[in-house]
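Take the position in the sequence shown, starting the count at 1, then add 4; the result is the number in our numbering.
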Amino acid sequence: MTAGTAGDEPDLITLGRRIRHARTGAGLTLDRLGERVDAAPSLLSLIENGRREPKLSLLRSIAAALGLSLNELLDPEPPSRRAALEIALDRHQRGPLFAGLGLPAVKPSQKLATPVLEQLVGLHDELARRAEEAIATPEEARRANTELRLERQARDNYFPQFEQLAEDLVRDAGYTGGALTHRTVAVLAERLGFTILHVNDLPRSARSVTDLRNGRIYLPPASVPGGHGLRSLALQAIAHRVLEHERPRSYAEFLRQRVEITYFAAACLVPQFVAVPFLEERKRERDLAVEDFRDAFGVTHEAAAMRLTNLATVKLGIPLHFLRVGDDGALFRGYENDGLRFPQDPTGAIEGQLLCRRWAAREAFDRRDVATEYYQYTDTPTGTYWCSTQTGSGDTGAFSITVGVPYAHAKWFRGRDTRVRKVSTCPDPACCVRPAPELAERWSGEAWPSARMHQQVLAALPRGAFPGVDDAEVYAFLDRHAPE
Ligand SMILES: [Zn+2]
């Protein structure tokens, strides 16, 4: 059934069209047919327009009067292409999508030229398709994302096959320790048959483009000389090849590939054969800190925190959680295998959910000194957690990166001696959602804030062979840069 139709209405429309088609084909006016079947022309008109359901006895009379069998009259197929278009236009104009536009309806009468009808129906079909896509894509994305997160949680976010692959490749390229240099990344790419090129005109929908025919990886220019992001982008582009990815056929597959290339790049930038001994030593010293891990490998705080979730549980025996939160309090990305309960929507998705105000991830925005990590203990309904939060700002505004562990594991971390302790009883609305009673009494009915729109966490994506990427733009780009 087409979107925007209700109940069995479409059958009545088709039936009406079939009657009108047969009647005009027989050269009868509504009046003449009315005389033959003993019915008012106005009633027949309502039936032909699909607005009145005829009684079976009347239907039999109509069929007989038009020289048809009852079955022929009730055939669900429109009698002609023209009739099919008229029915489609009628259906669309009766739907809520059209009603919401506030436009006048067009009567699909004989006077309407067929090309005009074709175009109107084509436009309506496209409008319906876009409306469905706008709902379906974020929904599908949220479900797929949740599935992946739960799968990672079940494996303690550790994927040995990617670890090994990354280790072999960086060792081969000459890496021995510390930060992976751009030079080493270039060598690694060369060994796989790729040259890395920086260009100013990458398609806006792509982060990188790989020319498989000519063995080239196109990346944006470094906005900051030596910027760290480019190593990761290059490694992610390489990862698609190394991991033998095929064109994603679904959003879920697209997201899975994204998770895999991100993991692979992180495992190259912070290889486990160097990272694990580093972390083990810091644990022995009871001085684990994301900031040191970050600095030792020259990655962002977020990348270091994420990487810690790969290694901490399997290699150090520490369950933990990770959060990236906007200054509006909305969760952008999260992971846990330590029992901390994230707020979630009915599909199980956590992205975009507002976090408890008492959590370190949000409390950290309020302090003055933002240069170092903020430490806090939080009592929650699932236990007490120790958290380390670093705030920063990026293209989408201020955000905080948090790594936290259950109370029993705080002893391995720098900052365990903090005196800051908060209590969170969320999802109990009395925790931080409901305003304080005395304030509510003073301001209820006297306040009129204007909402800031939340950033779309998973917006509808353009169509194309690769979700989110504009094929035409990508191909034109590759053509522009292809060697002679
Ligand atoms: Zn709360």
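For glycine and all other residues, C-beta sits at the position ideal for the given N, C-alpha and C. Every value quoted in this text rests on a predicted model; they were computed, and no experiment measured them.
Through-space distance from residue j to residue i, alpha-carbon basis
i: leucine 50; j: arginine 56; result: 6 Å
i: isoleucine 265; j: arginine 187; result: 20 Å
i: valine 303; j: leucine 359; result: 26 Å
i: arginine 86; j: glutamate 52; result: 15 Å
i: glycine 338; j: glutamate 355; result: 8 Å
i: arginine 423; j: tryptophan 390; result: 11 Å
i: serine 428; j: valine 318; result: 29 Å
i: arginine 195; j: alanine 177; result: 8 Å
i: alanine 109; j: alanine 103; result: 9 Å
i: isoleucine 23; j: lysine 59; result: 14 Å
i: leucine 47; j: aspartate 35; result: 11 Å
i: threonine 384; j: glutamate 377; result: 21 Å
i: aspartate 399; j: phenylalanine 336; result: 14 Å
i: glutamine 114; j: aspartate 79; result: 22 Å
i: tyrosine 255; j: glutamate 144; result: 7 Å
i: isoleucine 322; j: threonine 150; result: 23 Å
i: glutamate 340; j: proline 410; result: 11 Å
i: tyrosine 267; j: leucine 315; result: 12 Å
i: arginine 253; j: threonine 395; result: 37 Å
i: leucine 482; j: asparagine 204; result: 13 Å
i: histidine 202; j: valine 374; result: 34 Å
i: methionine 5; j: serine 84; result: In this predicted model, methionine 5 has a pLDDT of only 35, less than 50, meaning its place in the structure is not dependable; the value taken from the coordinates is given anyway. So the two alpha carbons sit approximately 19 Å from each other.
i: alanine 30; j: arginine 251; result: 56 Å
i: leucine 223; j: isoleucine 200; result: 7 Å
Exposed unless 16 or more other CB atoms sit within 10 angstroms - verdict on residue i
i: glycine 126; result: exposed
i: leucine 19; result: buried
i: glutamine 459; result: With a pLDDT of only 47 at glutamine 459, under 50, the local geometry of the prediction cannot be trusted, and no value is derived from it.
i: serine 404; result: buried
i: threonine 28; result: exposed
i: leucine 105; result: exposed
i: alanine 434; result: exposed
i: asparagine 75; result: exposed
i: serine 392; result: buried
i: valine 120; result: exposed
i: aspartate 12; result: Because the pLDDT at aspartate 12 is just 45, under 50, the model does not fix this residue reliably, and the value given afterwards should be weighed accordingly. Looking at its Cβ environment, which holds fewer than 16 other Cβ atoms inside 10 Å, aspartate 12 is exposed.
i: tyrosine 479; result: exposed
i: asparagine 161; result: buried
i: glycine 449; result: exposed
i: arginine 288; result: exposed
i: glutamate 306; result: buried
i: alanine 226; result: exposed
i: arginine 95; result: buried
i: arginine 484; result: exposed
i: leucine 37; result: buried
Candidates the options: closest to residue i by CA position
i: threonine 313; options: Pro224, Arg156 and Asn53; result: Arg156
i: arginine 133; options: Leu78, Leu101, Ala183 and Leu283; result: Leu101
i: tyrosine 379; options: Phe336, Leu292 and Asp349; result: Leu292
i: tryptophan 416; options: Glu285, Arg245, Ser448 and Gly330; result: Glu285
i: alanine 334; options: Ala402, Glu144 and Val274; result: Ala402
i: serine 236; options: Arg217, Arg253, Pro323 and Ser212; result: Ser212
i: valine 41; options: Gly54, Ser61 and Arg24; result: Ser61
i: methionine 310; options: Asp399, Val407 and Arg24; result: Val407
i: leucine 173; options: Arg217, Asn149, Arg146 and Ala243; result: Ala243
i: arginine 382; options: Arg420, Gln240 and Thr351; result: In the sequence as presented, arginine is not what sits at residue 382; that position holds threonine. Nearest C-alpha to threonine 382: Arg420.
i: aspartate 15; options: Leu77, Asp160 and Thr199; result: Leu77
i: tryptophan 363; options: Ile200, Gly387, Asp349 and Ala353; result: Gly387
i: alanine 210; options: Ala238, His413 and Ala190; result: Ala238
i: phenylalanine 198; options: Gly38, Asn218 and Leu72; result: Asn218
i: aspartate 299; options: Leu259, Phe282, Ala412 and Asn204; result: Phe282
i: isoleucine 221; options: Glu250, Val189 and Arg251; result: Val189
i: serine 73; options: Leu116, Arg153, Gly449 and Ala26; result: Ala26
i: cysteine 272; options: Gln240, Leu324 and Leu154; result: Gln240
i: alanine 353; options: Ala148, Leu32, Arg208 and Leu259; result: Ala148
i: proline 82; options: Phe326, Gly31, Arg21 and Asp94; result: Arg21
i: proline 431; options: Leu154, His413, Glu488 and Asp349; result: Asp349
i: alanine 308; options: Gly233, Arg484 and His413; result: Gly233
i: valine 246; options: Gly38, Thr214 and Leu154; result: Thr214
i: leucine 192; options: Ala269, Asp129 and Pro487; result: Ala269
i: isoleucine 17; options: Leu32, Pro45, Pro112 and Ala44; result: Pro112
Cβ-heavy atom distance, residue i to ligand 2, below 7 Å
i: glycine 333; result: Among the ligands present in this structure, namely ligand 1, ligand 2 is not found.
Contact between the stretch 345-353 and the stretch 436-448: three or more CB pairs below 8 Å? no
Does the stretch 282-300 come into contact with the stretch 356-371, if we say contact requires no fewer than three beta-carbon pairs (one atom in each stretch) closer than 8 Å? no
Three CB pairs or more closer than 8 Å across the stretch 80-92 and the stretch 109-125: Three or more Cβ pairs drawn from the stretch 80-92 and the stretch 109-125 lie within less than 8 Å of each other, which places the two stretches in contact.
Contact between the stretch 325-336 and the stretch 166-184 is defined here as three or more beta-carbon pairs at a separation below 8 Å; is this criterion met? no
Check whether the stretch 55-75 touches the stretch 95-112, taking contact to mean three or more Cβ pairs, one atom from each stretch, closer than 8 Å. no
Pairs of beta-carbons, one from the stretch 165-174 and one from the stretch 259-279, closer than 8 Å: are there three or more? yes
Near ligand 1, which residues have their beta-carbon less than 7 Å from any of its heavy atoms, given in chain order? Taking a cut-off of 7 Å from the heavy atoms of ligand 1, the residues with a C-beta inside it are Cys360, Arg361, Arg362, Ser428, Thr429, Cys430, Cys435, Cys436 and Val437.
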